[in-house]
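Last residue of the sequence shown: 192 (the UniProt record's numbering), numbering continuous. What follows is a short report on a single structure.
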Amino acid sequence: MDSDLQALRAAASTPRPETPEEEAEKDRRLTLLVERVLGHCENYYRAKAACATRDVTPMFSPTWTSSTENLFLWVGGRRPSVAFHLFFSKSGLQLEAQRDEVIRGVPTRDLADLSQDQLERINEHQRRIIRKEREISEEEARSQEGVADTQMVELSHVLREMGGSGEAAQMMEPAMQEKREKMRRVLEKADE
1 MDSDLQALRA AASTPRPETP EEEAEKDRRL TLLVERVLGH CENYYRAKAA
51 CATRDVTPMF SPTWTSSTEN LFLWVGGRRP SVAFHLFFSK SGLQLEAQRD
101 EVIRGVPTRD LADLSQDQLE RINEHQRRII RKEREISEEE ARSQEGVADT
151 QMVELSHVLR EMGGSGEAAQ MMEPAMQEKR EKMRRVLEKA DE
């Protein structure tokens, strides 16, 4: 994956091809590279889904992240809209740094070269993503609130009366399994 990241960085800094043939070759290489990177992402989400099917709990507090990173997790990962915040921050910085070139119509070969139509499409995609994030966040909240529903309160009273025995814990397990399954479905929607 690191070599792919290095290849993407190298491709971004290569000079503009001079001939249509060179342009076509560069596009072909970039397409293969992007497909390879997307394949890594797809493999990650397939593995994550398989792990979540076995036990969703670690997906919401992964051991491979620091406690600070865990503060910023959203449904076991990063909020998709963060990519748009990064994009708009980076494009704003690039536009500001090359304002004079942009005004003169000189290509900058970076995000400042995006057309109005491209920016509008990106903005619309951002709005769709944010709407979906809200839906998922609401579903996550309903699932989390379900831990305090009547059934769980009754089960906790029974558990307390039984002195926290193994038998009482077994009684609670089907209800907890249902709660974990709801959270697994929330995670699945977030990872789509």
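The beta-carbon is built from N, C-alpha and C at its ideal position, and this holds for glycine as well. Predicted model only: the values in this text are computed from it and were never measured.
As DSSP reads the structure, G76 sits in no beta bridge.
For L86, the closest C-alpha among the options D100, Q126 and S115 is that of Q126. Counting the other Cβ atoms within 10 Å of the Cβ of R184 gives 16 or more, which makes it buried. DSSP places V102 in the uninterrupted alpha helix (DSSP H) bounded by R99 to R104. In the three-state DSSP reduction, V34 falls in the helix class (H, G or I). Taking 8 Å as the upper bound for CB-CB distance, M171 and V158 are in contact here, some 6 Å apart. In this structure, the straight-line span from the alpha carbon of R28 to that of A12 is close to 14 Å.
Straight across, the Cα-Cα distance linking E145 with E188 is about 19 Å. Taking a C-beta distance under 9 Å as the contact criterion, L119 and K90 do not qualify as a contact pair. E96 and P107 have their C-alpha atoms some 14 Å from each other.
Secondary structure at T57: helix, using DSSP grouped into helix, strand and coil.
For E140, the enclosing alpha helix (DSSP H) covers residues Q116 to E145.
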